[in-house]
Amino acid sequence: MEPLFWLGAIAFALSLVLTPIFRDVFRSYGVVDAPDQGRKIHKYPIPRVGGVALACAYLGAYLLLPGHVRLLLQPNLGLVVRLAPAAALIFATGLIDDLLGLKPWQKLIGQIGAAGLAYWAGVRLAGLAFLPADLPFSGWVSLPLTVFWLLACTNAFNLVDGMDGLAGGLGLFSTITIFVAALLHGNTPLMLATLPLAACLLGFLCYNFHPATIFLGDSGSLLIGFLLGCYGVIWGQESATLLGMVAPLMALSIPLLDTSLAIARRLLRRQSVFSADRGHIHHKLLDRGMSPRRAALAFYALSALVAAFALLETEVHSSRWTGLIALTFGLVVWLGIQYLGYAEFSVAGQLLFSGEFQRNLKHQLDMHAVENSIRAAATPEGCWQVACTASERLGFHCVRMLLDSGQAFVGKPVPAEALTWYLRVPLAGQGYLELRGNMGDLLVASGIGPFLDVLHNCLRPRLDQLALLTPEAAPGTPALTAFRSGS
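If you read the sequence shown in this note's numbering, its first letter stands for residue 519, the second for the next number, and so on.
So this is what it looks like as structure tokens:
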């Protein structure tokens, strides 16, 4: 225990001393994060490269160990040494982004490179639990699965770093959870890798908790997420499959859940997954009236609960109890999402379970059939018949279509006393297709927009093609064709 004490004490002391030094240096050089009265809720510019202090304290904890302690620990420091190149690359990627700014794809290249180095160092998910190990391609699954896991963890902590003390606090609880699991299983290399990280984060939080005087920046958040992703794999190394990773997944579930929700929300809104918004979990808590300090403490309480689930999952060896723990954990997560009240998921659920999604799908399929029928029509009369039939299904009265050549098509007559309104879809030249509806008629509103798009984007070009194949009617003598759908 004495070597662990020295390692943790040195890391904590270095973090406590180096953080304010780097904070003042970066402030003097103007490397700060300015508030924007939107997502960035702090009130004044704050230095944003706290990851430098964190990395220096973490590395210094090993370098400044007393000689006799280093000799005792040296046989078990192989994990730290092997991961050093990968950690250095992910830290450099974040630091360059903090200082110069990188595009998302440039950051992704650095992250993939670091994940590849970690895989080469022995951080490997064995594969999918339901695939036999003797399959020819089962080994190839390990590399993309490991890279995906590390990218997910790395970016999860990067995205969750939006409030004082949040990413650092979540990282601290996750690191402590993995350290306790390593302690229970006697995994000395993992203990030596996680304890100084926890001590560094604890010292850093003295300056990062609300009101923060320094931020982690990408150099810190990417490094924390990447290291915890690696340590999570080492934690479940004995059976590092999808099932064996349940406990590490639970330990890192809060940032991973926040990232998953953000991606799902943006996809539902048809926004870029890289776009920024105020829909993260901490924003929801702040919008409910919590102060930044109370919101951070709420996250810490949730992290403690998650840690209990993760440790319980890894210690229970009965499949019955393991399934019950996982089910209870999933129920807690679902209740938490319901409490946050995301409108995107509520509306999507209503559309799905009320039948609206199925109706929209049917309308889209109907419009696809209409488009194919128009393209297959051999004459303007055929195009008119398709358009008229489809419009009546939507609740319109397809009154007439006038072509630039002079041809006119008339459908159902409209009673003179009827109170009507109409939509006019422009065709080539002076031509148009006019759709009329009676006041009070029930229209299929969800299908009108796609139908008008089909008429404009498909009917118009098809009529132009047919006009080149058939002689035009003489000007001033339109050919009037009466047609009624279904007659």
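Glycine included, C-beta positions come from ideal geometry on N, C-alpha and C.
Here residue 838 is exposed. Its C-beta has fewer than 16 other C-beta atoms within 10 Å.
Restricting attention to 734, 609, 615, 612, the CA atom closest to the CA of residue 538 is found in 734. Assignment of residue 878 by DSSP, reduced to helix, strand and coil, places it in the helix class. In the DSSP assignment, residue 916 falls within the unbroken beta strand (DSSP E) covering 915-920. Scanning its chain for C-beta atoms nearer than 6 Å, with the 5 sequence neighbours on each side dropped, one finds around residue 942 the residues 950, 952, in chain order. Inter-residue distance for residue 671 and residue 769 is about 11 Å (C-alpha atoms, whole angstroms). Three or more Cβ pairs closer than 8 Å define a contact, and the region 693-708 falls short of that threshold against the region 722-734. Boundaries of the alpha helix (DSSP H) harbouring residue 898: 898-911, taken from the DSSP string. Secondary structure at residue 942: strand, using DSSP grouped into helix, strand and coil. Per the Cβ contact rule, the region 970-986 is in contact with the region 873-889 (3 or more Cβ pairs under 8 Å).
A Cβ-Cβ separation of about 6 Å places residue 636 in contact with residue 668 under the 8 Å criterion. Residue burial annotation: residue 975 is exposed, with fewer than 16 other C-beta atoms found within 10 angstroms of its C-beta.
Bridge pairing for residue 956: 938 [DSSP]. Residue 547 is classed as exposed because its beta carbon has fewer than 16 other beta carbons within 10 Å across all chains shown. With a contact defined as Cβ atoms closer than 8 Å, residue 682 and residue 814 qualify at about 7 Å. By the neighbour-count criterion, in which 16 or more other beta carbons inside 10 Å mark a residue as buried, residue 749 falls on the buried side.
Taking the CA atoms as reference points, residue 661 sits about 23 Å from residue 610. Taking the Cα of residue 736 as reference, the smallest distance to any Cα among 858, 573, 818, 590 is reached at 573. For residue 564, the three-state secondary structure derived from DSSP is strand.
Closest in C-alpha terms to residue 822, from the list 881, 875, 693, comes 693. Here residue 534 has 721, 724 as same chain residues with Cβ atoms under 8 Å from its own Cβ, once five neighbours each way along the sequence are excluded.
A Cβ-Cβ contact shorter than 8 Å links residue 981 with residue 945. In the DSSP assignment, residue 950 is bridged to 920, 944.
Residue burial is scored here from C-beta neighbours: residue 867 has fewer than 16 other C-beta atoms within 10 angstroms and is therefore classed as exposed. Going by C-alpha positions, residue 808 is about 17 Å away from residue 730. Close CB contacts of residue 922 within its chain, under the 6 Å cut and outside five residues either way in sequence, are with 946, 947, 948, 949 (chain order). For residue 542, the enclosing alpha helix (DSSP H) has its first and last residue at 520-546.
Nearest in C-alpha terms to residue 775, of all of 666, 594, 854, 701, is 854. Taking a contact as a CB-CB distance under 8 Å, the pair residue 862 and residue 787 counts as one, their CB atoms being some 6 Å apart.
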